[in-house]
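Okay, structure first, notes after.
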Amino acid sequence: MLGKMTAPTKFQLADAPMSADRTAGFRFVSSFGEVFQAANGTWMLTSAEAVKFAVRHPEVFSSAEATNAGSGIPIPLIPVAVDPPAHRKYRLVLDSMFAPRVVNAMEDDLRTQARDLIAAFANKGECDVVGDLARLYPTQVFLTFFGMPLDDRDQLVGWVETMLDHSTTGTAEAGPEVVEAATGLFGYIQRFIDEKRERPGDDVLSRLLALEGDDAWSDEEMLGCCFLFTVAGLDTVTGAMGFLMRHLALNPELRRQLIADPTLLGPVIEETLRVEPPAPTISRTTTQDVEVCGVRIPAGSPVALCLGTANREPGHWEHPDDVDVAQADRGHMTFGGGIHRCLGSHLARRELRLVVEEFHKLIPEYEVAPGFDPVAVWPAGTLHLTSLPLVFPVGDGGA
Amino acid sequence: MRVVIDYERCTGNGRCYALFPDLFGDDESGYGQVIGDGSIGDDQLDEARSAVVACPEDAVAIEGE
Ligand code: HEM
Ligand code: SF4
């Protein structure tokens with residue numbers, strides 16, 4: 000007999016007081032227990048043990064159904080919506096395209112792009128980190144990796160945000176603007192698949208198209224994979240960048256230490272990622288009855304793995320709710336875990352590092368615009384700030 | 000004593016080689032690799048223990064401690 004049966008709670012994720020303060024939000028979530036059923040039927044796994052158990056048993060906690068069901072997208076999101084054993088074939092190919100060595104080789108180009116975006120506002124005395132930098136940079140990086148023109152950036156940002164806004168507002172029928180965005184984005188990607196097939200370049204898209212024989216991907220696989228990169232690799236980085244810059248803006252002492260000692264940047268990035276995870280939960284569906292931390296979950300249940308609470312497990316960190324560089328060398332779950340662990344983690348970390356380094360070269364002193372309270376959007380699939388206006392003195396930056 | 004990586008668990012998160020480059024390197028896909036045969040001296044034991052904690056997949060272990 001599998002663990003104890005429990006009744007649904009009154010818990011609704013949307014009720015978590017997440018906007019102003021993630022500490023309050025995640026505490027609210029964990030207060031219901033380490034494994035419990037939300038009012039809408041979804042099982043919540045909140046402890047590190049429960050989350051790790053689920054990500055290490057992908058045959059029981061299936062991504063295929065969970066992910067495709069909620070996305071409203073008619074093609075499989077490769078590789079996030081693929082279960083084992085098929086998943087492995089995709090990751091074998093993709094891992095080497097986003098490995099640290101690849102990111103190293105791109106660093107100069109990516110650094111220049113970050114610097115140019117920052118230079119555009121560095122002499123204005125004010126900027127919106129989200130609007131002027133964090134929304135734009137990840138899309139440029141995507142375009143760079145996939146060999147698409149940077150001029151298309153704003154178009155792409157528009158399509159992706161329209162689609163993601165819709166997917167987080169719930170189950171309502173997609174309006175015409177959403178359909179238009181999806182059609183635009185798919186058409187755009189397809190155009191480049193066709194183009195790169197004719198004239199391959201030195202980019203991810205061309206390398207995927209170059210796979211031959213049994214390894215070759217169909218157009219549908221190509222499209223699903225490219226599309227996933229736009230929904231997995233853009234607003235997550237936007238979110239992380241906003242939270243990181245917010246933390247640095249609100250903690251001038253830490254910022255000055257960091258400028259004096261650049262080796263602190265890695266730890267500061269890891270700690271903000273841990274405390275402010277852009278993807279607070281990830282979804283699975285159980286394929287069989289299973290017991291997690293003594294609680295029985297029936298087959299066919301939707302499950303949410305709460306990375307944000309697992310990251311703040313009491314006992315694992317001395318100051319679970321604070322950004323503390325002294326505890327940055329403990330593993331966190333912000334990039335998920337197990338076979339689906341984020342493919343873009345090395346790239347995401349590098350994007351964050353380059354942006355902070357270049358920002359501080361041009362703008363070492365800054366603060367949040369007086370009177371502005373940077374709050375996160377909630378409920379949301381991706382936690383992020385909509386705006387982060389900063390003010391700073393002009394002219395003492397010296398590049 | 001040796002540090003070892005369990006490849007059933009390692010997912011290439013890169014914390015081991017980012018934090019402890021004396022003990023770990025990366026392969027072309029971003030997965031961790033022990034340096035040489037992973038042998039460590041007493042003076043490296045603290046680092047190795049920290050690496051065990053740093054790996055989010057619990058893939059790093061110390062053998063013969
Ligand atoms: C700070 C930024 C990011 C965060 C917090 C993040 C978070 C995550 C998480 C939690 C997962 C696991 C999903 C699951 O198990 O259901 C994931 C998967 C994934 N991420 Fe990221 N991500 C980030 C940036 C990126 C970037 C920049 C890229 C693109 C290069 C990317 C591409 C992917 C892909 C392709 C997957 C699916 C991997 C698989 O299923 O095997 N992510 N990400
Ligand atoms: S930290 Fe762990 S998961 Fe990451 S590369 Fe090293 S052994 Fe693998």
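These protein sequence lines are chains A and B, in that order.
Just so you know, we're using numbering that gives the first Met the number 0 here: the first sequence kicks off at 0 and counts up by one.
Just so you know, we're using numbering that gives the first Met the number 0 here: the second sequence kicks off at 0 and counts up by one.
Note that CB positions come from ideal geometry on N, CA and C, so glycine has one too.
Under 8 angstroms Cβ to Cβ from Val-81(A), same chain only, skipping five residues before and after it: list those, please. Closer than 8 angstroms at Cβ, skipping near neighbours: Ser-62, Ala-63, Pro-75, Tyr-89.
In DSSP terms, what Trp-316(A) is bridged to: Per DSSP, the beta-bridge partners of Trp-316(A) are Pro-313(A).
Which of the three DSSP states is assigned to Asp-68(B) in this structure? Past the edges of chain B, shown from 0 to 64, lies residue 68(B), and the structure says nothing about it.
When DSSP labels each residue in this structure, what does Thr-182(A) get in the three-state scheme? If DSSP states are grouped into helix, strand and coil, Thr-182(A) belongs with the helices.
Nonlocal neighbours in the same chain, by C-beta distance under 6 angstroms from Arg-114(A), ignoring five residues either side: The answer, listed in chain order, is Glu-357.
Could you check how far apart the C-beta atoms of Thr-41(A) and Ala-303(A) are, in whole angstroms? I think they sit under 8 angstroms. Yes, they are in contact, since the Cβ atoms of Thr-41(A) and Ala-303(A) sit about 5 angstroms apart, within 8 angstroms.
Of all Cβ atoms in chain A, is any one closer than 8 angstroms to the Cβ of Leu-18(B)? At least one CB atom of chain A sits nearer than 8 angstroms to the CB of Leu-18(B).
Leu-233(A) - DSSP class collapsed to helix/strand/coil: In the structure shown, Leu-233(A) sits in coil (DSSP, three-state: anything other than H, G, I, E or B).
Of the choices Asp-26(B), Glu-64(B), Tyr-6(B), Arg-14(B), whose alpha-carbon is the least far from that of Ala-53(B)? Measuring from the Cα of Ala-53(B), the nearest candidate turns out to be Arg-14(B).
Have a look at Asp-328(A) and Glu-270(A) and give me their C-alpha separation to the nearest angstrom. A straight line joining the alpha-carbon of Asp-328(A) with that of Glu-270(A) spans about 9 angstroms.
Status (buried if at least 16 other CB within 10 Å, exposed otherwise) for Leu-135(A): Per the 10 Å Cβ criterion, buried.
Using a cut-off of 8 angstroms between C-beta atoms, extract the partners of Arg-48(B) located in chain A. Per Cβ cutoff of 8 angstroms: no residues; Arg-48(B) is ~11 angstroms from chain A at best.
For chain A, check one thing: does any of its Cβ atoms lie closer than 8 angstroms to the Cβ of Gly-13(B)? So yes, Gly-13(B) belongs to the interface.
8 angstroms Cβ cutoff, Ala-80(A) in contact with chain B: False, the Cβ-Cβ gap to chain B never drops below 8 angstroms.
How about Ala-104(A): is its Cβ closer than 7 angstroms to a heavy atom in the ligand HEM? No - the ligand HEM has no heavy atom lying nearer than 7 angstroms to the Cβ of Ala-104(A).
For Phe-401(A), verify whether its CB is less than 7 angstroms away from any heavy atom of the ligand HEM. Past the boundaries of the shown model lies residue 401(A); chain A is included only from 0 to 398, so the question cannot be answered.
So if DSSP puts Cys-305(A) in a beta bridge, which residue, or which two residues, is it bridged to? Under DSSP, Cys-305(A) takes part in a beta bridge, and its partners are Thr-280(A).
Own chain residues within Cβ distance below 6 angstroms of Leu-346(A), not counting five before or after: Contacts found: Phe-97, Val-102.
Should Gly-11(B) be listed as close to the ligand HEM, given that the test is whether its C-beta is under 7 angstroms from any heavy atom? No - the ligand HEM has no heavy atom lying nearer than 7 angstroms to the Cβ of Gly-11(B).
For the ligand SF4, is there any heavy atom lying closer than 7 angstroms to the beta carbon of Cys-15(B)? Relative to the ligand SF4, the beta carbon of Cys-15(B) is positioned inside 7 angstroms of a heavy atom.
Smallest Cα separation from Ser-95(A): which of Thr-10(B), Asp-5(B), Val-3(B), Ile-4(B)? Ranking the options by Cα distance to Ser-95(A), first place goes to Thr-10(B).
Quick one: what's Ala-375(A) bridged to in DSSP? Ala-375(A) is bridged by DSSP to Leu-384(A).
What does Asp-25(B) reach in chain D if we use C-beta pairs closer than 8 angstroms? Annotation note: the requested chain D is absent from the structure, which comprises protein chains A and B.
Glu-48(A), enclosing alpha helix (DSSP H) - first and last residue: Its alpha helix (DSSP H) spans residues 47 to 54.
Across the stretch 303 to 321 of chain A and the stretch 45 to 60 of chain A, are there enough close Cβ pairs to call them in contact, namely three or more that are closer than 8 angstroms? Touching, per the Cβ criterion.
Counting pairs of beta carbons, one from the stretch 152 to 163 of chain A and one from the stretch 227 to 234 of chain A, are three or more of them closer than 8 angstroms? Cβ pair count under 8 angstroms is three or more, so yes.
Along chain A, which residues have their Cβ under 7 angstroms away from the Cβ of Ala-53(B)? Neighbours of Ala-53(B) on chain A, chain order: Asp-328, Arg-329, Gly-330.
Under a three-way DSSP split, which group does Arg-196(A) fall into? Helix, per DSSP.
Is any beta-carbon of chain A found at less than 8 angstroms from that of Gly-77(B)? Shown here, chain B extends from 0 to 64; a query on residue 77(B) therefore has no answer.
Would the beta-carbon of Leu-44(B) be found less than 7 angstroms away from any heavy atom of the ligand HEM? Not under cutoff, so the answer is no.
Whole angstroms is fine: what's the gap from Val-274(A)'s alpha carbon to Asp-213(A)'s? Their Cα atoms are separated by approximately 43 angstroms.
Taking 7 angstroms as the cut-off, does the CB of Pro-83(A) come closer than this to any heavy atom belonging to the ligand HEM? False, no ligand heavy atom lies under 7 angstroms from that Cβ.
Taking contact to mean 3 or more Cβ pairs, one atom from each stretch, closer than 8 angstroms, check whether the stretch 385 to 393 of chain A and the stretch 25 to 35 of chain A are in contact. Judged by Cβ distances under 8 angstroms, the stretch 385 to 393 of chain A makes no contact with the stretch 25 to 35 of chain A, as fewer than three pairs qualify.
By the three-class DSSP mapping on this structure, what secondary structure does Ile-188(A) have? Three-state DSSP puts Ile-188(A) in a helix.
Cα-Cα, which of Ala-278(A), Asp-108(A), Leu-163(A) is closest to Gln-139(A)? Checked all of Ala-278(A), Asp-108(A), Leu-163(A); the closest Cα to Gln-139(A) is Asp-108(A).
Proximity to Pro-73(A) [Cα-Cα], best of Ala-119(A), Cys-224(A), Gly-337(A): Its Cα nearest to that of Pro-73(A), the residue Cys-224(A) stands out among Ala-119(A), Cys-224(A), Gly-337(A).
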